[in-house]
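Residue numbers (our numbering), protein chains in the order written: chain V, 1 to 160; chain F, 161 to 920. Ideal Cβ positions, reconstructed from N, Cα and C, are used throughout, including at glycine. The block underneath contains the structure these notes are about, expressed in C-alpha cells.
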Amino acid sequence: MKKEIATFNVNSRSYDVIITPNMTLSELLREKLDLTGTKYACGVGECGACTVLVDGKPVLSCSTLAIAVRNKNILTIEGLANGTNLHPIQQAFIDHGAMQCGFCTPGMIMMTKALLDENPNPTREEVKEGIGGNLCRCTGYVKIIDAVMAVAETMKKGGK
Amino acid sequence: MKEELSVVGKRLPQWAAHDKVTGTAKYIADINLPGTLAGKVLTSPHAHARIKKIDKSKAEKLPGVEAVITWHDIPQKLFNPSVQESILHDSRNEIDDMYILSEKARFAGDLIAAVAAVDEATAEKAIELIDVDYEVLPAVFDPLEAMKPGAPVIHDFAPNNISKHFVFPPSRGDIEQGFKDADVVVEATFQTSKQHMTPIEPCVCISSFDASGKLTVWSSTQRPFAYRTELAELFDIKESMINVICKHLGGGFGEANWSIVPVCVALAKKAKKPVKLEFSRKKSLVDVPTREAYIETGKLGAKKDGTLTALKENVIVHSGAYYNRSAATTVVNMGQFIGLYRCPNVYADMTAVYTNIPTSGGCRGYGTPEACFLLEQLVDMAAEKIGIDPVEMRIKNLKKVGDPSQTGMPIETYTQEKCIRTGAEKIGWKEKRAQKRAKGSKRYGVGMATFFDVSGGQPFEIFDRNMKITLDEDGAAIINTGIPDVGANLPGTAAQIAAEVLGLRYEDIHIVNGNTDDCLWDPGIGANSGLYGVGNVVIKVATELKKQILERAAKNLGVPPDELDIKDRKVYVKADPNKNMTVAEVSKAAIYNHEGQHHHIFAKGWFEPTKNPSPTGAAFADVEVDIETGEIKISKLVFVQDSGRIINPVTVEGQLDGGIACGLGYALFEDYYTNPKTGVLESDNFNTYKIPSSLDLPDTEVILVEEPTPSGPFGAKGVGMCGVVPIAAAIANAVYDAVGIRIKGMPLTPEKVLKAIKSK
C-alpha cells in the first residue's frame, strides 16, 4: 500500500508520520504516537471510547482516517491537563467518582469537553444527550452526569 | 473496632483515578513489547461441523508468518474455560470439555486455528490461506430440542446433550407434603435471557517467553493466580515459571477472557516471540461467555395467611457449546430460590444442556437475578391469589438472625424488613397499589422484589486471601495483593482500611497489584468477595505491621509498646501525646540502625473466610406501560441496600448505580440473538445489542441501610453484584400490576408486551 509522510498536530505538538491511506486516527494515535490514552473498543463508532477532539469538535477516532485530519488540531486525553494541573473536567471526574474501570473514561472526558465548550451551561437532560453515544458498562452514568454538572457550575464561577 | 474512624466511611477518590482521567492507566492493549507479533484466529462459520481436513501449509509459507497452529499443535488436554471452576471449586460438579483449539466446531465462532505474523495484515492474509474441509453436521439450538432422542450429539460423553443433572443438596423436608399443606399453590415457567457481559474493553492477551523459558502473560483477568495454575497444567510449565499480570481491566462482570489466553500462549510458544492477540468487538461478543439462559420452573405453596409451605424449582441450564460454569451459577440460583425465605419444604434440581450456540458462563449476579425473577413473581402470584399485600407476604416469611442464609451459613445481621418498608414508603406503595392508574393509552403499576446476595464464594469456593504490607522508608505502606483492578475500587477500599488500622493517611498507602510474581496467592475478584476477604486480610496484616511499628518505636521512645498508638502518621505515647515520633522516623530507625538489628518492617498473613454474611436489599419500580405500543417506561426506581458498614460511599453508590443499569438492560432490552437457522450470533455489535446509555436510565434513588456485620471488615459486606439482582423481577411485578400480564421470556420488549396484552 502506498505510504506517505503527513504532518499531524497533536496536543500542540507537530509530528511527521509515515502513514498509509487506510490508517485510522486511533491507529495513528495508539500505534504511531504511543498515545494509548485514546481507547479502541468497537472499531465502528458505536461506543465513543475513542473520542478525541479535532479542531475542537468531537470525532470518533476509530472511524476517522488519519489522512483526513492532517494539519488539523487534534486534542487527546493526554493533552487535556495543563502540565500537572488537571483540567477541571478531569478533577470533577475524580471528585465525583465518575469512573470505575476507567476504560471509557478518556472518551467520556473528551466528549464532556466538547459538550461544555459548545454549551457551558447544560441541563441534566442536555448532559445525558451529550454523552448519549459514549457507552459505559460500569457506572450507570449517574456519577458521570453529576461530575459534568458540577464542572459546568465550577467553570461558570471560576472561569476556565 | 475503633470508635472514631478517620479514613473508613469517607468519600475518598478512587484508587488510580488520576491515571484513569489522564489516560495514563495502562490496560493490556496499551502495552507494546518490542518485536511483538500480531495474532489472529480462524473461527468456525458453522455451528456444528467436523473438521475432515485442515491444511495450513500455504499459510505457513506466506512471508512474515511465524506460527500457524491448529488442534494438532496444542496440548491434547481438555479444560474448563471458566478456570475458576477447576481451580477454586469443589470439582464434583465440574466438567472439562474444551480444547485450546477445537477438533470439532460446536458453535459458530469456535476457535479452529491461529496465526502469528509480523503484522495484522499478514496475519489476516495467512488466516485466509488456511484450508479447512468441514463436514457440516446437523445442529441444535434449543435446549428442549437438544434433550430429545435423535438430537445431534455435541459432546460424545453426553449422548442426550445432558451434561449434568443433580438435586440441590440443601433440599429438605417433604416437598409433596408441603404442597398438600398449602391453601394456595402457584406455578410458572420463565425463560431468562443470555445477557452479554460487554466489558467495554475487547478481549486481549499478550504472551511472551524469555530466554530461560519463563512465560509472562498480560491478560484482562479477574483471577491471575487461577489463570497461572491452569496455564501451568495445560502447558506443563512450573507455576514459578509463569507470571500473569493484570493491573487494570476494562470492566469485570465475570471472567471474560479465558479462551483467548491459551491460544495466545500457544502461538508465542511456537513462534518463540511475544504475541499480542486482540479480538474485535464482534469476536469478543461471540467469545466472552454470557449470563446463563435458564428455563426455570417454579412452584410455591402457601397457607391462607401467606406462610410458605413449599418451594420447588427445576432449572434447565442452557449451557451452549461448552459447560463452563453451568453448575456453579445454578447452585447460587437454587440457593437463592430455596433460601431467601423461611420455608419447611424446599426442593431444587438442575439439568445442564448443550446446544450449538456460544457458551454461557457466569455474569454479574451469578444465577441470583434469574432466581429472583422466578421466585419474586411467584410470591406476587400467590399474594394475589390469597388476597394479601405482596409486601406483607414477604415480610411474613423473612428469615431471622441465626437462620441459614442462601449459602447455608448463618445470617449475622438482617435488616430486610427495614429495607422493604423503607422502599415501600419511598415509592408510595400503599397509595399506588390501592388504585388502578390510567391515562390515555398509559397504564401504571408498582412492583417490588427482594433478595439475598453473597460476600464471597464460601462454602462453595476457596477464597482465602494472602497479603504482604511493607512499611517504606518514608512511612508509606505498600500493599502487595494479587487482586486486579476491575473497577470496583477494591484497591482503594483496601487502602482506606489499611490507613485506618495503621493510623496513616489514605494517600500513604500504595498498592502493587495483579501480578503473580510480586504478590502472594490470591483467588481474585468475583462473587462480591473482594471487600469481605481483602478487607479482612488487610486488617489482619496491617494490625501485625502496626504491632511491629510500635515495638520498634518503643525502643526509641522508651516506653512499652502497649503504651503507644499511631495517629496521623505519628507514633505517640498515649499518656503524653507530645512525646512522639513519625512513622517515617520509626521506619528509618529500623532500616538504618547502626547498632545492629536493622531490618525493613513488613508483615504478611492470610485470611480464610469461614463466614459469608449476606448483603440484602429490595428494589421498587414504578412503571408506565403503553398498551398501544407495548413500551415500558420506568418512572421511578427505588433501591434499598444493606451492605453493612460503608467503607467508601462513593464506591458503594457507584457499584449499585452500575448494577441497576445492568439490571435494566437485562430486564428491558438487552436481547441476545442467534439466527434460528444457522446459530450465528446476530447481536454482535452495540447497534444490534444495545446496552444502556445515559439516555436509558430512569430516575433512581439508592438508599443505604448501614448495619455493620460482625465478621466483616469494619462491619462491611459485599455489594458489587447486588444492583443487578432484583431489577427485572421488580419491573415484571410492576408490569403485572399495571396491565395484568406476565411475560414468559426475557427481556420484556415492547413486542412481547403488546402480544401478551392482545392475547390476554
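- request: May I have the straight-line CA-CA distance separating ALA898 of chain F from THR848 of chain F, to the nearest angstrom?
  value: 29 Å
Coarse secondary structure for GLU220 of chain F, derived from DSSP in three states: helix
query: Which residues, in order along the region 13-46 of chain V, keep a beta-carbon less than 9 Å from a beta-carbon of chain F?
result: ARG30, GLU31, ASP34, LEU35, THR36, GLY37, THR38, LYS39, TYR40, ALA41, CYS42, GLY43, VAL44, GLU46
- prompt: Does DSSP put GLY588 of chain F in a helix, in a strand, or in coil?
  reply: The three-state reading of DSSP puts GLY588 of chain F in coil, since its state is none of H, G, I, E or B.
- prompt: Counting only beta-carbon atoms, is ARG137 of chain V nearer than 8 Å to chain F?
  reply: The C-beta of ARG137 of chain V comes closer than 8 Å to at least one C-beta of chain F.
query: Tell me, which residues are paired with ASP16 of chain V by DSSP?
result: In the DSSP output, where bridge partners are listed per residue, ASP16 of chain V has V:THR7.
message: Against chain V, does THR159 of chain F count as a neighbour if the rule is that its beta carbon must be under 8 Å from one of theirs?
response: The requested residue 159 of chain F does not occur in the structure, where chain F is confined to residues 161 to 920.
field: Nearest residue (CA-CA) to GLY458 of chain F, options F:ASN516, F:ILE669, F:ALA542, F:ILE397
entry: F:ALA542
task: Would you list, in sequence order, the uninterrupted beta strand (DSSP E) runs of no fewer than 3 residues that lie entirely inside the region 448-507 of chain F?
output: Whole beta strand (DSSP E) segments, 3+ residues: 453-462, 468-480.
message: DSSP three-state label for ILE555 of chain F, please.
response: helix
field: Burial state of ARG554 of chain F (16 or more Cβ within 10 Å)
entry: buried
- prompt: For GLU577 of chain F, which three-state DSSP category applies?
  reply: helix
- prompt: Looking only at C-alpha atoms, which of F:THR909, F:ILE751, F:ASN753, F:GLN708 sits nearest to VAL731 of chain F?
  reply: Among F:THR909, F:ILE751, F:ASN753, F:GLN708, the Cα nearest to that of VAL731 of chain F belongs to F:GLN708.
query: What are the boundary residues of the beta strand (DSSP E) that includes MET741 of chain F?
result: 736-742
- prompt: Contact check, VAL646 of chain F vs CYS101 of chain V under 8 Å by CB: the rounded distance?
  reply: 6 Å
message: Distance check for LYS32 of chain V and HIS315 of chain F, CA to CA, integer angstroms please.
response: 46 Å
query: Is the beta carbon of THR450 of chain F sitting closer than 8 Å to the one on ALA648 of chain F?
result: It is not a contact, given that the beta carbons lie outside the stated cut-off.
field: CB contact below 8 Å: VAL151 of chain V versus chain F
entry: no
message: Just verifying my parser: in three-state terms, what is the DSSP assignment at MET161 of chain F?
response: Low local confidence applies: a pLDDT of 44 at MET161 of chain F is under 50, so the model's placement there is unreliable, with the coordinate-based value given in what follows. Looking at MET161 of chain F - three-state DSSP - the assignment turns out to be coil, as it is neither helix nor strand.
- request: Report the option in F:THR358, F:ASP668, F:PHE339 whose CA atom is closest to the CA atom of ASP844 of chain F.
  value: F:THR358
task: Tell me GLY199 of chain F's beta-bridge partners as DSSP assigns them.
output: Answer is F:ALA276, F:LEU437, bridged to GLY199 of chain F.
field: Residue range of the unbroken alpha helix (DSSP H) whose run includes THR184 of chain F
entry: Careful: THR184 of chain F lies outside any alpha helix (DSSP H) and carries neither H nor E.
field: Coil, strand or helix - LYS57 of chain V by DSSP
entry: strand
query: Three-state secondary structure (DSSP) at PRO330 of chain F?
result: coil
task: From the DSSP output, in three-state form, read off PHE767 of chain F for me.
output: strand
message: Please tell me whether ILE820 of chain F has its Cβ less than 8 Å away from any Cβ of chain V.
response: Closer than 8 Å to some Cβ of chain V, the Cβ of ILE820 of chain F qualifies, so yes.
- prompt: At least one CB of chain V closer than 8 Å to the CB of ASP190 of chain F: is that the case?
  reply: yes
query: Is it right to say GLN757 of chain F is buried, meaning 16 or more other beta carbons lie within 10 angstroms of its own, or is it exposed?
result: Exposed: under 16 other Cβ atoms inside 10 Å.
Start-to-end residues for the alpha helix (DSSP H) that takes in ASN516 of chain F: Counting along the chain, ASN516 of chain F falls outside any alpha helix (DSSP H), and DSSP gives it neither H nor E.
Whole-angstrom C-beta distance between ILE260 of chain F and ALA273 of chain F, which should lie under 8 Å: So it is not a contact: roughly 11 Å between Cβ atoms.
task: Say whether chain V places a C-beta atom closer than 8 Å to the C-beta of VAL646 of chain F.
output: yes
query: By Cβ distance below 6 Å, which residues in the same chain neighbour TRP766 of chain F in space, the five residues on each side in sequence not counted?
result: ASP624, ASN626
query: Using a C-beta cutoff of 8 Å, does PRO173 of chain F count as contacting chain V?
result: yes
- prompt: Hey, is ARG441 of chain F's beta-carbon within less than 8 Å of any beta-carbon in chain V?
  reply: yes
- prompt: VAL327 of chain F: buried (16+ other C-beta within 10 angstroms of its C-beta) or exposed?
  reply: exposed
- prompt: At which residues does the alpha helix (DSSP H) containing VAL865 of chain F begin and terminate?
  reply: Premise fails: VAL865 of chain F is in no alpha helix (DSSP H) and is neither H nor E.
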